[in-house]
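S.K.: Here UniProt numbering is used: the first residue of the sequence shown is 1, the next is one more, and so on. Ideal Cβ placement from N, Cα and C applies to all residues, glycine included. First, the structure itself, so that you have it in front of you.
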Amino acid sequence: MTKSKSTVRAASVAALGAAGALAAPGLASASPIDVQPTPLLCSYVAPVHSVTETDSDALEEGRLFFAVGEQKAQNGQLNWVNTATWQTGGASLTASPQSSDVPIALLDTGPGTVVSAVWGPHQNAKGENCFLLPGIDISQVPGDDDPGDEPGEPAP
């Protein structure tokens, strides 16, 4: 295996292992993720934000929304695990005219504590190609099925 393949594989394993798993300006309630991704081979990456239903009434319960706070940026990967259900998933951050050319991802995680990793190939608004070392986010995603919501069941 070549050194570059080893580096990419190691970064991928780290991202998946760590996760186990602004779009429109109207999402001003978005909060930056806990640990921002670190760019390699480019000068910067704009902050990545996450939003839950608690932060925005526009989202349904059990969903988690991510956005890179910069128009014309491209790509990036998300992997996540819901520690309440052990459900996992992945998505790509994609930009479109509907998202004001901001890379976004909408995840159906279900309610619970969700650990997410943002990583992978990325291009910033300057057109610089880079690789993002994993950034980690831990979000409490609300929903009707939250652990501790049943009568007589203690909250965690």
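Quick one: using the 10 Å Cβ neighbour count with 16 as the cut-off for buried, is P97 buried or exposed?
M.R.: In the sequence shown, the residue the question calls residue 97 occupies position 97. Under this definition P97 is an exposed residue.
S.K.: Can you give me the C-alpha to C-alpha distance between T38 and H122, rounded to a whole angstrom?
M.R.: As a first step, residue 38 must be located in the sequence shown, where it is residue number 38. As a first step, residue 122 must be located in the sequence shown, where it is residue number 122. Roughly 11 angstroms separates the two Cα atoms.
S.K.: Tell me which residues share the same chain as A18 and place their Cβ nearer than 7 angstroms to its Cβ, disregarding the 5 neighbours each side in the sequence.
M.R.: Against the sequence shown, residue 18 aligns to sequence position 18. Annotation note: pLDDT 34 at A18 (below 50); position unreliable, coordinate value reported separately. A117, P134, I136, listed in sequence order.
S.K.: In angstroms with no decimal places, state the Cα-to-Cα distance between G143 and P32.
M.R.: Walking along the sequence shown from the start, residue 143 turns up at place 143. Walking along the sequence shown from the start, residue 32 turns up at place 32. Our two residues, G143 and P32, have alpha carbons roughly 22 angstroms apart in a direct line.
S.K.: Check the C-beta distance from W119 over to Q77 and give it rounded, since I have them as a contact under 8 angstroms.
M.R.: Reading the sequence shown from its first residue, position 119 is the one you call residue 119. Reading the sequence shown from its first residue, position 77 is the one you call residue 77. Contact holds; Cβ gap of about 6 angstroms.
S.K.: Note down, one range per segment and in chain order, each beta strand (DSSP E) of at least 3 residues found wholly within the stretch 73-108.
M.R.: Those beta strand (DSSP E) runs which fall completely within the stretch 73-108 and span 3+ residues are 77-82, 88-92, 104-108.
S.K.: Can you give me the C-alpha to C-alpha distance between Y44 and V68, rounded to a whole angstrom?
M.R.: Reading the sequence shown from its first residue, position 44 is the one you call residue 44. Reading the sequence shown from its first residue, position 68 is the one you call residue 68. For Y44 and V68, the distance between alpha carbons rounds to 12 angstroms.
S.K.: Bridge partners of L132, per DSSP?
M.R.: Numbered from 1 along the sequence shown, position 132 holds the residue referred to as residue 132. According to DSSP, which records beta bridges pairwise, L132 is partnered with P39, G120.
S.K.: Quick one: grab the DSSP three-state call for G17.
M.R.: Translated into positions along the sequence shown, residue 17 becomes position 17. Caution applies to G17, whose pLDDT of 34 falls short of 50 and renders its modelled position unreliable; the model cannot decide the point.
S.K.: Output the distance between the C-alpha atoms of C130 and L59, rounded to the nearest integer angstrom.
M.R.: Stepping through the sequence shown from its first residue, residue 130 is reached at position 130. Stepping through the sequence shown from its first residue, residue 59 is reached at position 59. Approximately 31 angstroms, taken between the alpha carbons.
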